[in-house]
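Asks: One structure is given below, represented as structure tokens, and several questions about it will come after.
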Amino acid sequence: KPGEIEANLHEAGQGGKCTDEHDFSKEECVAAGTAVGGTLRGDTLLVGEWSNSPFGCFIDPSDNAIHYGTDPNGINLGGYRSICKSVAHEAALLPAHYGNRCQLEHDFSLEDCMVAAISVGGTLRGGKVKVGSWPHAPPGCFVEATDKAIHFNMIDG
């Protein structure tokens with residue numbers, strides 16, 4: 256389905272890391288980590304320059320916390336699982352017009368909404384997708400025009 260993020264989780268092992276073209280950016284890391292079962296520790300993406308961890312997006316298997324390593328020379332000493340892109344993901348941001356909505360076969364599920372919206376410039380408000388029921392908004396996944404916050408409307412049009 257268009258826009259679906261596909262990430263894979265490497266087994267923890269010494270030297271394990273993604274190839275350059277399969278790295279997630281820091282902005283994509285939370286969505287990718289969540290897609291493979293990771294969680295935020297204290298609602299925060301843990302970012303640091305650690306020499307004993309891989310560069311890029313990874314999970315600490317002890318608690319599944321999502322991390323982003325900024326040391327390009329960092330070496331996984333065996334304790335972390337890198338999160339790598341499987342295939343490219345696509346999403347389209349439609350213009351903000353009354354009545355505008357995705358065709359049914361192009362809607363994103365609540366689970367896929369965050370990844371799709373981040374890929375077109377959406378941001379998390381308070382570290383989360385805002386979920387609610389708004390009769391004045393499009394159904395499903397959308398980005399608020401004023402602050403780019405990602406929303407998911409439970410009302411089906």
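358 is the number that the numbering used here gives to position 103 of the sequence shown; each next residue is one higher, with no gaps.
For glycine and all other residues, C-beta sits at the position ideal for the given N, C-alpha and C.
From the DSSP output, in three-state form, read off residue 373 for me.
Replies: The sequence position of residue 373 within the sequence shown is 118, counting from 1. Residue 373: helix per DSSP, three-state reduction.
Asks: For the alpha helix (DSSP H) that residue 251 lies in, which residues bound it at each end?
Replies: The structure shown does not extend to residue 251, since the chain spans only 256 to 412, so no value can be given for it.
Asks: Looking at the strands, I want to know which residues DSSP matches up with residue 273.
Replies: Locating residue 273 in the sequence shown gives position 18, where the first residue counts as 1. Note: residue 273 sits in no beta bridge, so no partner.
Asks: Drop a sphere of 10 angstroms on the beta-carbon of residue 371, count the other beta-carbons inside from all chains shown, and report buried for 16 or more, exposed for fewer.
Replies: Residue 371 sits at position 116 when you count from the first residue of the sequence shown. Classification for residue 371: buried.
Asks: Locate the beta strand (DSSP E) running through residue 311, then write down its first and last residues.
Replies: In the sequence shown, the residue the question calls residue 311 occupies position 56. First-last of the beta strand (DSSP E) with residue 311: 311-315.
Asks: Once DSSP output is grouped into helix, strand and coil, what is the label at residue 332?
Replies: Sequence index remark: in the sequence shown, residue 332 carries index 77 (1-based). In this structure, residue 332 counts as strand in the three-state DSSP scheme.
Asks: Classify residue 365 as buried or exposed, calling it buried when 16 or more other Cβ atoms lie within 10 Å of its own Cβ.
Replies: Here residue 365 is taken as the residue at index 110 of the sequence shown, counted from 1. Classification of residue 365: exposed, given that the 10 Å Cβ count is below 16.
Asks: Excluding the 5 residues flanking residue 395 on each side, which residues of the same chain have their C-beta closer than 7 angstroms to its C-beta?
Replies: Your numbering for residue 395 matches position 140 in the sequence shown. Taken in chain order, the residues that qualify are 357, 362, 363, 407 and 408.
Asks: Going by the CB atoms, is the gap between residue 410 and residue 388 shorter than 8 angstroms?
Replies: The sequence position of residue 388 within the sequence shown is 133, counting from 1. The sequence position of residue 410 within the sequence shown is 155, counting from 1. Result yes, Cβ atoms of residue 388 and residue 410 sit closer than 8 angstroms.
Asks: Taking the straight line between their C-alpha atoms, what separation do you get for residue 391 and residue 309?
Replies: As a working mapping, residue 391 is identified with position 136 in the sequence shown. As a working mapping, residue 309 is identified with position 54 in the sequence shown. Between residue 391 and residue 309, the C-alpha separation is close to 45 angstroms.
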